[in-house]
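> Sequence lines, in order, name chains Y and X. Letter 317 of the first sequence, counting from 1, is numbered 317 in our numbering, and no numbers are missing. So the number in our numbering is just where the residue sits in the second sequence, counting from 1, plus 646.
Protein chains: 2
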Amino acid sequence: MPSSRWTTWAWMLLLSGCAMGWPKQSSSATSDIRNCTTSPPFLPPTVTDTSAQLNALRQRMQFYNISAYIVPATDAHMSEYIAERDARLAWISGFTGSAGTGVVTTKKAALWTDSRYWTQAERQMDCNWELQKIVWTDSIGEWLLQEIPAGENIGLDPFLFSIDLWNSYAHVLQGSSRTLVPIEDNLVDLVWGTQRPPSPTSKIYLLPETFTGSTWQEKVSGIRSQMEKHSRSPTAVVLSALEETAWLFNLRGDDISYNPVFFSYALLTTSDISLFVDRNRLSTEALQSLSAQCPGPLCVQVEEYDQVQASVQAYAQGDVRVWIGTEYTTYGLYGVIPQDKLVESSYSPVMTTKAVKNAKEQTLLRAAHVRDAVAVIQYLLWLEKNVPKGLVDEFSGARYVDKLRREKEHCRGASFETISASGLNAALAHYSPSNVSSRKLSMDEMYLSDSGGQYLDGTTDITRTVHWGEPTPFQKEAYTRVLMGNIDLARLVFPSETSGRVVEAFARRALWEVGLNYGHGTGHGIGNFLSVHEWPVGFQSNNMPLVKGMFTSIEPGYYQEGEFGIRIEDVALVVEAQTKIQYLNTYYETIRQRVGPELQRRQLEEEYEWLRRNTQPFSRGTLVAASLGTLAITSLVSTLLPDRQA
Amino acid sequence: MPSSRWTTWAWMLLLSGCAMGWPKQSSSATSDIRNCTTSPPFLPPTVTDTSAQLNALRQRMQFYNISAYIVPATDAHMSEYIAERDARLAWISGFTGSAGTGVVTTKKAALWTDSRYWTQAERQMDCNWELQKIVWTDSIGEWLLQEIPAGENIGLDPFLFSIDLWNSYAHVLQGSSRTLVPIEDNLVDLVWGTQRPPSPTSKIYLLPETFTGSTWQEKVSGIRSQMEKHSRSPTAVVLSALEETAWLFNLRGDDISYNPVFFSYALLTTSDISLFVDRNRLSTEALQSLSAQCPGPLCVQVEEYDQVQASVQAYAQGDVRVWIGTEYTTYGLYGVIPQDKLVESSYSPVMTTKAVKNAKEQTLLRAAHVRDAVAVIQYLLWLEKNVPKGLVDEFSGARYVDKLRREKEHCRGASFETISASGLNAALAHYSPSNVSSRKLSMDEMYLSDSGGQYLDGTTDITRTVHWGEPTPFQKEAYTRVLMGNIDLARLVFPSETSGRVVEAFARRALWEVGLNYGHGTGHGIGNFLSVHEWPVGFQSNNMPLVKGMFTSIEPGYYQEGEFGIRIEDVALVVEAQTKIQYLNTYYETIRQRVGPELQRRQLEEEYEWLRRNTQPFSRGTLVAASLGTLAITSLVSTLLPDRQA
């Protein structure tokens, strides 16, 4: 599935001064489905009336003396998928897409979202809301400057903005005499009141050792050793992404659909460990595991979830240095740590360690993909038999592939809402059918299926695009070029620690050649029974450089509005490549090791020297990448065949 | 010529949070030529004794209460090439390479430079200086943290650090209790005293209209119109790069070798223009041109060069907003503008406008390249005849190609010191021969020639690598793959506004495939009788996205230490590409325009509708890049052949 994260990333990119490689969205590509100029306005029946919510919010805004309030689509952990109780933007605007930013002023309300969601936004928002299509923070900033007079305040919940995004807003408004005001009471929550869904109460459980790469104690020791080696010698790491605590402690929950995580923070110091979570939700085994080595440096103290800010603030009073990941730690947490005690990096060491799967994690993730492939093959065969009979629609197809997965060993459901799109629906990259509107699959149209599963050993994600009749020449050309892009990137050999962004264009070149392109990212990391879009692996500027042991999806596509959509997605593993030069050097080394001692034993000094001279390794010294190894991406299918290892 | 800029850029990149694509240099690749452990130390005869300089500098440091002083290799305009009087690092350390940073503490002195210059540094520095090979700001910061106790101060000349680089140092030292102290008196200059070379006095002249793309008045109006359209409505732009003032006012000088620029700043406001320069140096024509429209908004006030800080500070007292380019404006200038009056972007509008050559500038630059190609062909033929006779060495070759260029119309000398390197010398990417050490060219070795000219109409830069005998199979393979990289990037079709960094790997893929790579940038912009490395065009993260009208070098290479070096460099122009899909759409549009009216005139309504239906453009709407055009890079040679336009 293409990453929904790209718009958020893009904002940060632009403001960190990196040149953008993204094709820009044309804001005039479609005209609004809604007509707000007639009286009464013409609106689709799917819109939500937001007048009451907006009125109530504006009253609160007046009380706090702010002229605008920014409502993002994320939660306090910068989660991509959020729980119902965090769906503040959906509640205030009606728009339920996963990426977007709302701004409410005393007179207006506007929503920014990217092209994937324009149609959906127009179908869901009433005339209180205008749709804005240029999603950079700059664009939101310019709109604010236009709407808000100088001297007035713009309010934000500091727990819903990462440090980097907060700084982006601050940068855009810099010197404009409009002030960003952090308000710790979330104004939407105040208005939402008792109607807001409650906190989850389900059990948080221990992932059995069979399914973990290391014990949580080993993971903690590894992180502490990274803290020691760091030049600034941080004394603590704050973990605020939900994937971080789930991975580190080998715990799972079900607080967010499709994502087996639970609401929590952690403060890992050189001597102590605090996990901020609702203690009552921890299973007996989980509690036992966390407290097995108490007291001591491997004893986990469980503290209340809401205590995290106070605890971090108290800790930061001491002679300490606190390591945080600025890409996803919120401005609210950041603000309680004195500037001179911060050790900042884009990602915490937990995030960067999790990104590189160890041998056992690789084995687990591969095994999950084999079972998942069985489900997908069963589905494709079933489609081949049933589509010609006219028996399948998008929704029944999606339900069927979900069922096939659920039957597989260790499966715990889908890893995201199944995308099942026929004909023109597939041109919307994130289309999901429902039982009220579902197109029938036919031999005359292309069909795109993008789905994945959560298995105890790994998370999966795969897209196939098929046609059971005769595609048009243009469809064939586009499909071939999408496939070329997938293959070109999957076969690439590159130096270790190359940034994904540097190699991403190999997935686009074949399309570019004929003037085509696609408007989403090329791939994303994936977890071991964690997120389907796992940070920070991928092909964008703020992703980590690629090293062996990382898994990433590769998913170029092409979308012809109103006609069809194509995407071909596999999950690939970065492996060490045996290049031609490396092969020669290995060969030479073998000769030296096997024949050299024999020559020496026979005291054939001249022959021995001759051998040394003629088996000198190529590229010594200047092959700068040699010490780091040369890597290749290999799709899981080929790594499953041991003799095809690239 | 590969850009020397890359280390400086790299520092900024790392700190702006972008993942690095650069292969890391191994710091243990070579051992030091010097032996500082013996008594007396073993030193090459080429080293400079720096004891006296360092003693004097340390006395000044004591007076200013600083424990370390940082000496960069640049000037107050962040110039890549500098004048003798700005060669502070060379004077204090002995090292004359173009990229490096020196740090002097009370006890130690260390120099950071990249792999191109390691050997040179060891040959030039005495045992007072240690060589550091990891050039990131982080590495300098870590060294400082190790050497300087907490509570002490680190001094810098705020006019020798860009805002971005200053912030990088501040970030590295953040929370460490070491303070960065800006000292406006340059301590090296104080010690250098009367021995320091004087300010230039040569004439600053007007570039004849034949050689300019527009009048300076047209350029000024264009910049003012960009100021008006900017959402923050800046009231002024500060120009601090020497290329900016030279380009904007169509003036040239010769203050820096190989670069026809002159020391100056400018403050361009909505109503006034100030040029900060030594008035006596302006030619009569230059003065006339600048004052022809006085008084008025197109009247240039000439103020003293040294007045810039005071003038900008005075201007910034008003109700103004000052636009600056943070990549190259110094911290010293930045510091006098109140934070809320700053409008920051990576590059000023002068920089970004200059990067895109208009039709006349393109014609001029192409014409210069044709004359330059004649000189290069003459040289290659001469080599072919004279190398086999044993008559040519690296230095005589360099002198000969320089002479061939100087004979050409409009030539004003070389655009950089000619690189002429035979055999193992070519493995040093920036090797230049001298008359004391020059290797004889032979039929048994590869020879690399990288040279360029300054012509009144354009600046050139070209590299050819040749072998007059029989190259080894490995040399053939490496050469072929370097050439493949050059061709693959030159033939690439890509969406407009794609970042160079995203496409750069096409120049490396063929090398990567066999485990090879090169450790320098892939290309750089080039000027119209300006810098051979013209910002901000190129293939790195902080370069501008590629649009048509930009010129860039394409120069992959391969360097086998101790054996040979290969680089193939052309200058290419970004042009609009005629892609297959675009071709079809153009064809359809032609049919509609030519046949459509005829059908309408004959009232063949149904046929007319049929035609419309069957000539609908492909990719409307979803081809997101379409509105921006699809581009290709084309080498100048192919653009010179009108029928081969890509």
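The C-beta atom is built at its ideal place from N, Cα and C for all residues, glycine as well.
Does the beta carbon of D157 (chain Y) sit closer than 8 Å to a beta carbon anywhere in chain X?
No - not a single Cβ of chain X is within 8 Å of the one on D157 (chain Y).
> From P1001 (chain X) to N1189 (chain X), what distance separates their C-alpha atoms?
Inspection of the sequence shows that residue 1001 (chain X) is occupied by Ala rather than by Pro. Cα to Cα, the separation comes out at about 10 Å.
> Residues in the region 867-899 of chain X with C-beta within 8 Å of chain Y's C-beta atoms, listed in sequence order?
Against chain Y - using a Cβ distance shorter than 8 Å - the residues of the region 867-899 of chain X are S877, R878.
> Using DSSP with H/G/I as helix, E/B as strand and the rest coil, what is T825 (chain X)?
Reduced to three states, the DSSP call for T825 (chain X) is strand.
> If you measure from the CB of E874 (chain X), is any heavy atom of the ligand COA nearer than 7 Å?
Looking for the ligand COA in the displayed structure turns up nothing, as the structure carries no ligands at all.
> Of the choices X:D1018, X:I983, X:T975, X:S929, whose alpha-carbon is the least far from that of E1053 (chain X)?
The shortest C-alpha separation from E1053 (chain X) is found at X:D1018.
> Is there a Cβ from chain Y that is less than 8 Å from the Cβ of K1226 (chain X)?
For K1226 (chain X), the answer is yes, since a Cβ of chain Y falls inside 8 Å of its Cβ.
> Using a Cβ-Cβ cutoff of 8 Å, what residues of the region 65-87 of chain Y are near chain X? List them in chain order.
The region 65-87 of chain Y vs chain X, Cβ under 8 Å: nothing.
> Please state whether DSSP places Y911 (chain X) in a helix, a strand or coil.
Strand.
> Beta-carbon of A755 (chain X) versus every beta-carbon of chain Y: anything under 8 Å?
A755 (chain X) does not count as touching chain Y.
> Would DSSP call P648 (chain X) helix, strand or coil?
DSSP places P648 (chain X) in coil when its eight states are reduced to three.
> Mapping the DSSP letters down to three states, classify R842 (chain X) as helix, strand or coil.
In the structure shown, R842 (chain X) sits in coil (DSSP, three-state: anything other than H, G, I, E or B).
> Measure the C-alpha to C-alpha separation of D924 (chain X) and Y951 (chain X) and round it to an integer number of angstroms.
Taking the straight line from one Cα to the other gives about 6 Å.
> Report, in whole angstroms, the separation of the C-beta atoms of L806 (chain X) and A722 (chain X), which I expect to be a contact under 8 Å.
Confirmed, about 6 Å.
> How about A647 (chain Y): is its C-beta nearer than 8 Å to some C-beta of chain X?
The requested residue 647 (chain Y) is not part of the displayed model; chain Y covers only 1 to 646.
> Between the alpha carbons of V237 (chain Y) and E534 (chain Y), how many angstroms are there, rounded?
If I take the Cα positions, the gap works out to 20 Å.
> Quick check on I919 (chain X): does DSSP put it in helix, strand or coil?
In the structure shown, I919 (chain X) sits in a strand (DSSP, three-state: E or B).
> Taking all protein chains shown into account, decide if C940 (chain X) is buried (16 or more other Cβ within 10 angstroms of its Cβ) or exposed.
So C940 (chain X) counts as exposed.
> In whole angstroms, what is the alpha-carbon distance linking T999 (chain X) and F895 (chain X)?
Each residue's alpha carbon lies about 14 Å from the other.
> Of the choices X:W758, X:S739, X:I738, X:K754, whose alpha-carbon is the least far from that of A745 (chain X)?
Comparing Cα-Cα distances from A745 (chain X) to each of X:W758, X:S739, X:I738, X:K754, the minimum goes to X:W758.
> Would you identify the three-state DSSP class for F1175 (chain X), choosing helix, strand or coil?
Three-state result, F1175 (chain X): coil.
> Taking Cβ to Cβ, would you say I850 (chain X) is nearer than 8 Å to I712 (chain X)?
No. Outside cutoff.
> Just to confirm the assignment: which complete beta strand (DSSP E) runs, minimum length 3, are found wholly within the region 35-99 of chain Y?
Runs found: 68-72.
> Does the region 1170-1177 of chain X come close enough to the region 593-601 of chain Y that 3 or more CB-CB pairs lie under 8 Å?
No contact exists between the region 593-601 of chain Y and the region 1170-1177 of chain X.
> So is Q53 (chain Y) in contact with chain A if we call contact Cβ pairs under 8 Å?
This model lacks chain A altogether; the protein chains it does include are Y and X.
> Measuring CB atoms only, is the region 859-877 of chain X touching the region 913-930 of chain X, in the sense that at least three cross pairs come out at less than 8 Å?
Yes, the region 859-877 of chain X touches the region 913-930 of chain X.
> Just verifying my parser: in three-state terms, what is the DSSP assignment at H1166 (chain X)?
Coil.
> Taking a Cβ distance cut-off of 7 Å, strictly less, list which residues of the region 328-355 of chain Y are near chain X, in chain order.
Cβ contacts with chain X: Q339, D340, K341, L342, S346.
> State buried or exposed for M771 (chain X), treating a residue as buried only when at least 16 other CB atoms are found within 10 Å of its CB.
So M771 (chain X) ends up on the buried side.
> Residues of the region 500-524 of chain Y in Cβ contact with chain X at a cutoff of 9 Å, in chain order, please.
The region 500-524 of chain Y vs chain X, Cβ under 9 Å: G500, R501, V502, V503, E504, A505, F506, R508, R509, W512, E513, V514, G515, L516, N517, Y518, G519.
> Jot down the residue ranges of each uninterrupted beta strand (DSSP E) in the region 526-571 of chain Y, minimum 3 residues, whole runs only, in chain order.
Runs found: 534-538, 551-554, 557-560, 564-567.
> Excluding the 5 residues preceding and the 5 following M1 (chain Y) in the sequence, name in chain order all residues of the same chain whose CB lies nearer than 6 Å to its CB.
Excluding sequence neighbours, M1 (chain Y) sits near F416, D450, D461.
> Unbroken alpha helix (DSSP H) runs of length 4 or more, entirely within the region 580-618 of chain Y: which are they?
With a minimum length of 4 residues, the continuous alpha helix (DSSP H) runs that stay inside the region 580-618 of chain Y are 580-601, 605-614.
> Just verifying my parser: in three-state terms, what is the DSSP assignment at F1140 (chain X)?
Of the three classes helix, strand and coil, the one that applies to F1140 (chain X) here is strand, per DSSP.
> Taking only beta-carbon atoms, is M647 (chain X) less than 8 Å away from chain Y?
Judged by the 8 Å Cβ criterion, M647 (chain X) is not in contact with chain Y.
> Just tell me which of Y:T615, Y:S274, Y:L287 has its CA closest to the CA of T590 (chain Y).
Minimum Cα distance to T590 (chain Y) is reached at Y:T615.
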